[in-house]
Amino acid sequence: MKKLGLLKEGIVDKIVALSPSGVEKLSADFQVFVEDGAGQLAGFTNEMYKDSGAIICKDSKEVIVNSDILLSFSSRIGEYKLNCKKVFIGFFNVLNDKTVVLPYTNIEADVYSLDLIPRSTIAQAMDIISSVASISGYQAVLTAAEMSPMVVPMVTSAGGTLKPAKFLILGAGVAGLQAIATAKRLGASVKAFDVRKNTKNEVESLGAQFIEIKGAVENQNAGGYAVQQSAEYLDLVNKRIAEECINADVVITTAKIPGKQAPTLVLKSTVDKMKPGSVIIDLAAENGGNCELTRRNEIIDHNGVHIVGLASMLNRCAHSVSTLASNNFTSFIKYYLNHIDQEESNEILSSTKVVSNGKIINQQLINEVNAL
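As structure tokens, then:
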């Protein structure tokens with residue numbers, strides 16, 4: 011029986027990569043070792059892991075020594091000497107943080123990063139990006155509603171009628187669509203924009219108004235993501251978005267391009283004209299931000315407009331994120347076991363493998379790490 015180790019995340023992160031339910035699902039193939047307190051902040055106690063068949067280890071070193079495969083959400087390996095070859099599986103966001111792979115080089119390690127999972131039907135159960143994005147969109151709306159000085163729905167009372175808050179969602183991917191759905195459920199008036207024309211029907215089906223700006227470049231091979239646009243088109247977008255932002259009470263930005271700087275959609279000059287009390291939630295903060303004033307892991311007050319760039323926003327829903335992520339990791343691990351012998355010809359495994367025997371093998375990472 012193979013041995014699987016679950017590592018505790020860093021001090022900041024509350025999310026855990028494998029839930030007790032995930033341990034049970036893998037129990038037929040693995041003896042699972044769990045670092046003490048790994049799931050505590052996500053609502054999963056050591057006792058819950060024990061009841062699912064796991065062995066609790068006192069620290070990460072003990073987990074690493076006892077395991078063949080190491081699982082974590084995003085934490086990096088410490089300065090440990092490996093007693094034999096190890097396989098590390100995580101959600102390392104390698105295209106946006108190239109340095110994450112460096113600790114795994116020059117040691118006997120294979121590394122798989124699930125942020126590189128291809129968009130395909132067979133990989134759908136492993137699509138952790140969609141799981142994380144969906145919760146991010148939901149939490150963004152709740153955070154904005156909490157921070158806004160306005161109520162979200164229309165309210166009629168003896169004192170008169172309050173109009174519904176105006177939400178503007180920039181980007182209609184998984185996070186954006188979930189933000190739209192959540193804002194509509196709260197009673198907001200919602201508008202949304204995306205450069206991809208095929209998102210219009212999805213936006214409108216959720217009851218939001220789609221903002222259409224013609225002239226966008228689209229690429230059917232981009233895996234459902236937006237692609238970089240021309241300067242002329244971005245100028246048109248900036249002008250229209252500025253008009254919409256000025257009228258909005260809440261702006262939620264979700265536009266990301268894998269491995270690239272996030273496009274700037276909300277300029278400082280636009281924020282200068284927004285109403286005091288307005289809220290901007292920038293879900294692209296870790297990629298540089300869609301708002302020119304966004305600072306990662308900070309909340310900025312710019313003339314009464316609050317700009318939220320919290321990369322740790324998922325921690326507010328740590329239990330839910332961990333539950334979904336655990337299902338994704340469990341699906342990947344089972345797939346890995348069944349297809350490791352055909353790794354070179356297997357799209358899912360070859361796409362997600364970034365380090366092999368201590369050497370970086372992802373060509374994009376090789377180029378960018380060499381440039382550091």
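Numbers in the numbering used here are just positions in the sequence shown, counted from 1, shifted up by 10. Each residue gets a CB set at the ideal place from its N, CA and C atoms; glycine is no exception.
Continuous beta strand (DSSP E) stretch holding residue i: start and end
{"i": "residue 280", "result": "Segment 278-281 is the alpha helix (DSSP H) holding residue 280; no beta strand (DSSP E) there."}
{"i": "residue 100", "result": "96-100"}
{"i": "residue 219", "result": "219-221"}
{"i": "residue 122", "result": "119-123"}
{"i": "residue 169", "result": "Counting along the chain, residue 169 falls outside any beta strand (DSSP E), and DSSP gives it neither H nor E."}
{"i": "residue 180", "result": "176-180"}
{"i": "residue 14", "result": "12-16"}
{"i": "residue 132", "result": "Where residue 132 is concerned, there is no enclosing beta strand (DSSP E), given that its DSSP letter is neither H nor E."}
{"i": "residue 309", "result": "309-312"}
Burial state of residue i, where buried means 16 or more other Cβ atoms lie within 10 Å
{"i": "residue 22", "result": "exposed"}
{"i": "residue 156", "result": "exposed"}
{"i": "residue 284", "result": "buried"}
{"i": "residue 118", "result": "exposed"}
{"i": "residue 351", "result": "exposed"}
{"i": "residue 224", "result": "exposed"}
{"i": "residue 323", "result": "buried"}
{"i": "residue 181", "result": "buried"}
{"i": "residue 336", "result": "buried"}
{"i": "residue 67", "result": "buried"}
{"i": "residue 219", "result": "exposed"}
{"i": "residue 30", "result": "buried"}
{"i": "residue 20", "result": "exposed"}
{"i": "residue 327", "result": "buried"}
{"i": "residue 188", "result": "buried"}
{"i": "residue 62", "result": "buried"}
{"i": "residue 167", "result": "exposed"}
{"i": "residue 204", "result": "buried"}
{"i": "residue 207", "result": "exposed"}
{"i": "residue 186", "result": "buried"}
For residue j and residue i, the rounded distance between their alpha carbons
{"i": "residue 109", "j": "residue 149", "result": "28 Å"}
{"i": "residue 348", "j": "residue 49", "result": "27 Å"}
{"i": "residue 81", "j": "residue 273", "result": "32 Å"}
{"i": "residue 320", "j": "residue 133", "result": "29 Å"}
{"i": "residue 73", "j": "residue 13", "result": "10 Å"}
{"i": "residue 71", "j": "residue 28", "result": "18 Å"}
{"i": "residue 249", "j": "residue 211", "result": "24 Å"}
{"i": "residue 368", "j": "residue 300", "result": "35 Å"}
{"i": "residue 384", "j": "residue 151", "result": "Past the edges of the chain, shown from 11 to 382, lies residue 384, and the structure says nothing about it."}
{"i": "residue 136", "j": "residue 125", "result": "10 Å"}
{"i": "residue 75", "j": "residue 15", "result": "9 Å"}
{"i": "residue 141", "j": "residue 121", "result": "21 Å"}
{"i": "residue 104", "j": "residue 354", "result": "20 Å"}
{"i": "residue 184", "j": "residue 145", "result": "9 Å"}
{"i": "residue 221", "j": "residue 202", "result": "6 Å"}
{"i": "residue 34", "j": "residue 298", "result": "39 Å"}
{"i": "residue 292", "j": "residue 317", "result": "7 Å"}
{"i": "residue 329", "j": "residue 242", "result": "43 Å"}
{"i": "residue 357", "j": "residue 96", "result": "22 Å"}
{"i": "residue 315", "j": "residue 32", "result": "42 Å"}
{"i": "residue 18", "j": "residue 45", "result": "6 Å"}
{"i": "residue 159", "j": "residue 64", "result": "47 Å"}
{"i": "residue 111", "j": "residue 271", "result": "19 Å"}
CA nearest to the CA of residue i, picked from the options
{"i": "residue 139", "options": "352, 349, 345, 338", "result": "338"}
{"i": "residue 36", "options": "345, 355, 359", "result": "345"}
{"i": "residue 177", "options": "263, 240, 249", "result": "263"}
{"i": "residue 85", "options": "75, 25, 367", "result": "25"}
{"i": "residue 374", "options": "268, 281, 275, 328", "result": "268"}
{"i": "residue 113", "options": "377, 365, 372", "result": "365"}
{"i": "residue 254", "options": "179, 15, 356", "result": "179"}
{"i": "residue 47", "options": "41, 40, 60, 309", "result": "60"}
{"i": "residue 106", "options": "290, 95, 275, 295", "result": "295"}
{"i": "residue 276", "options": "297, 303, 372", "result": "303"}
{"i": "residue 282", "options": "256, 164, 196", "result": "256"}
{"i": "residue 216", "options": "198, 242, 312", "result": "198"}
{"i": "residue 385", "options": "362, 145, 259, 214", "result": "Residue 385 lies beyond the stretch modelled for the chain, which goes from 11 to 382, so this question has no answer here."}
{"i": "residue 340", "options": "205, 99, 287, 325", "result": "99"}
{"i": "residue 11", "options": "40, 18, 167", "result": "40"}
{"i": "residue 195", "options": "171, 205, 162, 207", "result": "162"}
{"i": "residue 359", "options": "206, 209, 244, 129", "result": "129"}
Bounding residues of the alpha helix (DSSP H) (the contiguous stretch that carries residue i)
{"i": "residue 145", "result": "138-157"}
{"i": "residue 244", "result": "241-257"}
{"i": "residue 205", "result": "Where residue 205 is concerned, there is no enclosing alpha helix (DSSP H), given that its DSSP letter is neither H nor E."}
{"i": "residue 192", "result": "184-195"}
Residue i beta carbon near the ligand HEM (any heavy atom closer than 7 Å)
{"i": "residue 138", "result": "With respect to the ligand HEM, the structure shown offers nothing to examine, as it has no ligands at all."}
Residue i at chain B interface by Cβ criterion, 8 Å
{"i": "residue 167", "result": "Here chain B cannot be found, since the structure has a single protein chain."}
(request) Starting from the N-terminal side, write out each stretch of the beta strand (DSSP E) that is 3 residues or longer and does not extend beyond the stretch 352-378. (result) Within the stretch 352-378, the complete beta strand (DSSP E) segments of 3 residues or longer fall at 363-366, listed in chain order.
(request) Quick one: which unbroken beta strand (DSSP E) runs of 3-plus residues sit fully inside the stretch 22-96? Chain order, please. (result) 40-45, 65-67, 79-81
(message) So within the stretch 263-302, which uninterrupted alpha helix (DSSP H) runs reach at least 4 residues, ignoring any that extend past its ends?
(response) 278-281
(message) I'd like the ranges of any alpha helix (DSSP H) spanning at least 4 consecutive residues and lying wholly in the stretch 317-353.
(response) 328-349
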